[in-house]
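A short write-up of the structure that comes next.
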RNA sequence: GGAGGGGUGGCCGAGCGGUCAAUGGCAGCAGACUGUAAAUCUGCCGACGGAAGUCUACGAAAGUUCGAAUCUUUCCCCCUCCA
């Protein structure tokens, strides 16, 4: 039984994308017509997007699936200022060149999710630097600033928390919401974009935009937020043994990406299925009762589905093969595993410590030693100690599996 | 501008002249148990070194002292209250 008139809202709500929105009924009506425009903004501090961006991206994908047109706004303007809230990490001000580079990387990340182009439901990419860079202070204040009430702004949760905690809120930072509201105004007047999407933490900023357009132009536009992506135990998602879960395969290999989803918490599997896979809702519903060990198979399915969206279906074969090799005792097929980093052993006198450090499995020799003492290093699946010696006869077809813990592996080749 | 309180390792937060590479908690890593999960328990958790030890670190810089995260001075930054 459909709850909403628009297909998009129905599916978005059922899959768990809906947190809150402005005037829901009106937005529902508005979305019954295809080809509507909605945007979401990202800051471009790195050259890749990561799992933290996943919900918004998945939501835009859904938006497009239902015949609407997603606009991805990158914060070329706001990134230049840098977020002042973390005063200890002097974030380097990005040069135009870096921003351009990051922009390209981010677009690359988005390509598997969204179809860009000129047709009705094709996604478009815009950069707020195009209009923020040349803003003139006084005209801007007169045109936009006059619509903002400080009384109102300090009432927003995002600001209130900041004020109540022991950190300062600079004027620069305070302006963020104004710029974001201005972005929305720009996209509304120039492209007719009537919806802004965002994470639940963006609610205040989004409302600002909605209000600005209302006050300045007397038009109603909509805001829609999705819940933050947390694990069932309330932690932030998105860490692997090797760092953040990047979408760019040069930052995180498809194999490690797959492993990330393969290892998610049992309690999160179904939720992630709804959010990030293309499996149909009834199909996922059937999985909800699966318990215990069988959940492992669901995790594989989850990993397969998400990985094939991001890295392509054809990457799965190799990943499966590598996973099978890495988690089995049999070493005979190791040599044709390409997903695992290789280390060329040139000298048999090298110690395990040398290898751990050189292959970047460990950060320092001390680190490597501690790991060895703790029994966390394996050669060919067996725990080794500091004085382990590499010998030719231990290599199968010239390859040996070498692991740090149960999840970080390399292949040593001779 | 005035008064007061602060700045400690990825984060929170003790320490307030030697016994401090710095208690504790969180996060992280490894081990055991499992299901490549969670929970739990155990160990590790600045760098270099086989080790003894050496170096770098408690906002920055100078100083007092045999010796400073701890005392003094100046500077920077943050918070609260007053103007």
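Residue numbers (our numbering): 56 to 469.
Note that CB positions come from ideal geometry on N, CA and C, so glycine has one too.
Through-space distance from residue 441 to residue 256, alpha-carbon basis = For the purposes of this step, residue 256 is taken as the residue at position 201 of the first chain. For the purposes of this step, residue 441 is taken as the residue at position 386 of the first chain. Taking the straight line joining both Cα atoms gives about 48 Å.
inquiry  = Report the CB separation of residue 113 from residue 427 in whole angstroms; it is logged as a contact under 8 Å.
reply    = Locating residue 113 in the first chain gives position 58, where the first residue counts as 1. Locating residue 427 in the first chain gives position 372, where the first residue counts as 1. In fact, because the Cβ distance is near 41 Å, the residues do not count as touching under 8 Å.
For residue 229, the nearest candidate out of 249, 251, 239 and 263 (CA to CA) = Reading the first chain from its first residue, position 174 is the one you call residue 229. Of the listed residues, the one whose Cα sits closest to residue 229 is 263.
query = Within 10 angstroms of its Cβ, does residue 273 collect 16 or more other Cβ (buried), or is it exposed?
reply = Here the question's residue 273 lines up with position 218 in the first chain. Under this definition residue 273 is an exposed residue.
task = Give me the Cα-Cα distance between residue 130 and residue 340, rounded to the nearest whole angstrom.
result = Position 75 of the first chain, counting from 1, holds the residue named residue 130. Position 285 of the first chain, counting from 1, holds the residue named residue 340. Each residue's alpha carbon lies about 38 Å from the other.
ask   = With respect to the alpha helix (DSSP H) encompassing residue 82, which residues constitute its N-terminal and C-terminal limits?
value = Position 27 of the first chain, counting from 1, holds the residue named residue 82. Looking at the DSSP string, the run of the alpha helix (DSSP H) that includes residue 82 is 79-86.
request  = Please go through the same chain and pick out, in chain order, the residues whose beta-carbon is closer than 6 Å to the beta-carbon of residue 282, but skip the five residues on each side of it.
outcome  = Taking the first residue of the first chain as position 1, residue 282 is located at position 227. Once the five neighbours on either side are set aside, the close Cβ partners of residue 282 are 74 and 255.
query = Around the C-beta of residue 307, are 16 or more other C-beta atoms found within 10 angstroms, so that it is buried, or is it exposed?
reply = Taking the first residue of the first chain as 1, we reach residue 307 at position 252. Buried.
inquiry  = Rounded to whole angstroms, what is the Cα-Cα separation between residue 145 and residue 301?
reply    = Position 90 of the first chain, counting from 1, holds the residue named residue 145. Position 246 of the first chain, counting from 1, holds the residue named residue 301. Annotation note: pLDDT 38 at residue 145 (below 50); position unreliable, coordinate value reported separately. In a straight line, the C-alpha of residue 145 is about 23 Å away from that of residue 301.
key: Boundaries of the alpha helix (DSSP H) in which residue 239 is found, first to last residue   = Against the first chain, residue 239 aligns to sequence position 184. That run of the alpha helix (DSSP H) goes 231-246.
query = For residue 67, which residues from the same chain have a beta carbon less than 7 Å from its beta carbon, with the 5 sequence-adjacent residues on both sides left out?
reply = Counting from 1 along the first chain, the entry for residue 67 is found at position 12. Contacts found: 73, 114 and 117.
query = Per DSSP, what kind of secondary structure is residue 346 in: helix, strand or coil?
reply = Locating residue 346 in the first chain gives position 291, where the first residue counts as 1. Residue state, collapsed to three classes: coil.
ask   = Mind pulling the alpha helix (DSSP H) runs of 4 or more residues that sit fully within the segment 297-370?
value = 309-317, 324-331, 336-340 and 350-366
ask   = What separation, rounded to the nearest whole angstrom, lies between the Cα atoms of residue 56 and residue 65?
value = The residue you call residue 56 lines up with position 1 of the first chain. The residue you call residue 65 lines up with position 10 of the first chain. With a pLDDT of 49 at residue 56, under the threshold of 50, the modelled position of that residue is not reliable, and no figure is offered here.
inquiry  = Less than 9 Å between the C-beta atoms of residue 94 and residue 248, yes or no?
reply    = Locating residue 94 in the first chain gives position 39, where the first residue counts as 1. Locating residue 248 in the first chain gives position 193, where the first residue counts as 1. Closer than 9 Å, so yes.
task = Compute the distance between the beta-carbons of residue 122 and residue 182, then report whether it is under 9 Å.
result = Taking the first residue of the first chain as 1, we reach residue 122 at position 67. Taking the first residue of the first chain as 1, we reach residue 182 at position 127. No; because the gap between Cβ atoms is not below 9 Å, this pair is not in contact.
query = What three-state label does DSSP hand residue 434 in the structure shown?
reply = Residue numbering aside, residue 434 sits at position 379 when the first chain is read from its first letter. The answer is strand: DSSP assigns residue 434 an E or B state.
Status (buried if at least 16 other CB within 10 Å, exposed otherwise) for residue 97 = Position 42 of the first chain holds residue 97. So residue 97 ends up on the buried side.
task = Can you give me the Cβ contacts of residue 324 inside the same chain, cut-off strictly under 7 Å, excluding the 5 residues immediately before and after it?
result = Translated into positions along the first chain, residue 324 becomes position 269. Excluding sequence neighbours, residue 324 sits near 350, 353, 354 and 357.
task = With DSSP as the reference, label residue 403 as helix, strand or coil.
result = Here residue 403 refers to the residue found at position 348 when the first chain is read from its first residue. Residue 403: coil per DSSP, three-state reduction.
request  = List the endpoints of the continuous alpha helix (DSSP H) containing residue 157.
outcome  = Translated into the one-based positions of the first chain, residue 157 becomes position 102. It spans 151-165 - the alpha helix (DSSP H) in which residue 157 sits, taken as one unbroken run.
key: Backbone secondary structure at residue 144 - three-state DSSP   = On the first chain, position 89 is the one that residue 144 refers to. Low local confidence applies: a pLDDT of 35 at residue 144 is under 50, so the model's placement there is unreliable, with the coordinate-based value given in what follows. Coil.
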